[in-house]
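Numbering follows our numbering, with no gaps: position 52 of the sequence shown is 457. Note that CB positions come from ideal geometry on N, CA and C, so glycine has one too. Below: the structure, in structure tokens.
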Amino acid sequence: MKFVLNGTPVDVAAPPLKRLLDVLREECGLTGTKEGCGEGECGACTVLLDGAPVNSCLIPVCQVEGHDVRTIESMGSPGALSPLQELFLETGGTQCGMCTPGMVLTAHAYVESGGQADPDAIRSYLAGNLCRCTGYQHIVDAVLRAVKARRKKG
Ligand code: FES
Ligand code: FES
Numbered sequence: 406m407k408f409v410l411n412g413t414p415v416d417v418a419a420p421p422l423k424r425l426l427d428v429l430r431e432e433c434g435l436t437g438t439k440e441g442c443g444e445g446e447c448g449a450c451t452v453l454l455d456g457a458p459v460n461s462c463l464i465p466v467c468q469v470e471g472h473d474v475r476t477i478e479s480m481g482s483p484g485a486l487s488p489l490q491e492l493f494l495e496t497g498g499t500q501c502g503m504c505t506p507g508m509v510l511t512a513h514a515y516v517e518s519g520g521q522a523d524p525d526a527i528r529s530y531l532a533g534n535l536c537r538c539t540g541y542q543h544i545v546d547a548v549l550r551a552v553k554a555r556r557k558k559g
């Protein structure tokens, strides 16, 4: 299966109907993508497919052939976080390791697609990414700041 993974063309040997989530974790060694519900409800398995957030637990790998897939590993690394990851840290929006990767990827897509500095719109865009234990306000704050920073950059 040929596709572009985090900016690099890959050719992965996997059964066509294997879930993208499992291919990323098992064949590609990218364990930042998490499995929560396994049913398309929680967003823990979010990746960007051609720039848009999708639930990788619902996608057979054959569907990404020829497409662009981005995982949390493409956003930054522990020593070199992306500006959005820095904002998550600064606002306290970084929560647990299960929900945060998907939250960051969805937030990234919101900012990059020209999302507005509107808390309701941000909450609505992030509605597919669930946290079952704390709140969303700090995440919304991080995204608001990211949108404003992007505007300033033009
Ligand atoms: Fe995919 Fe929950 S694990 S949406
Ligand atoms: Fe991650 Fe609640 S699910 S902090």
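Can you tell me whether residue i is buried or exposed? The criterion is at least 16 other CB atoms within 10 Å of its CB, across all chains shown.
i: H513; result: buried
i: A532; result: exposed
i: C462; result: buried
i: L425; result: buried
Which value, in whole angstroms, describes the spacing of the CA atoms of residue i and residue j?
i: F408; j: V466; result: 10 Å
i: V552; j: Y515; result: 9 Å
i: G434; j: L410; result: 12 Å
i: T511; j: Y530; result: 8 Å
i: K557; j: Y541; result: 25 Å
Does any CB atom of chain C fall closer than 9 Å to the CB of residue i?
i: T539; result: The chain labelled as chain C is not found in the depicted structure, where only one protein chain is given.
For ligand 3, I want to know if residue i counts as a neighbour, meaning its beta carbon is within less than 8 Å of at least one of the ligand's heavy atoms.
i: A419; result: With respect to small molecules bound, the structure shown includes ligand 1 and ligand 2 and not ligand 3.
Throw me the rounded Cβ distance for the residue i and residue j pair, which I believe falls under 8 Å.
i: Q521; j: V509; result: Not really, about 19 Å apart at Cβ, beyond 8 Å.
i: D546; j: T496; result: 4 Å
In chain order, what residues of the same chain lie with their CB nearer than 6 Å to the CB of residue i, ignoring the 5 residues before and after it?
i: R555; result: V516
i: R550; result: L492
What are the partner residues of residue i, as DSSP defines its beta bridges?
i: D560; result: Outside the shown range of the chain (406 to 559) lies residue 560, about which nothing can therefore be said.
Below 7 Å CB to CB, which residues in the same chain sit around residue i once its five sequence neighbours on both sides are set aside?
i: D449; result: Checking the sequence, you will find Ala at residue 449 rather than Asp. Contacts found: K439, E440, G441, M503, C504, G507.
i: V428; result: V417, A419, V466
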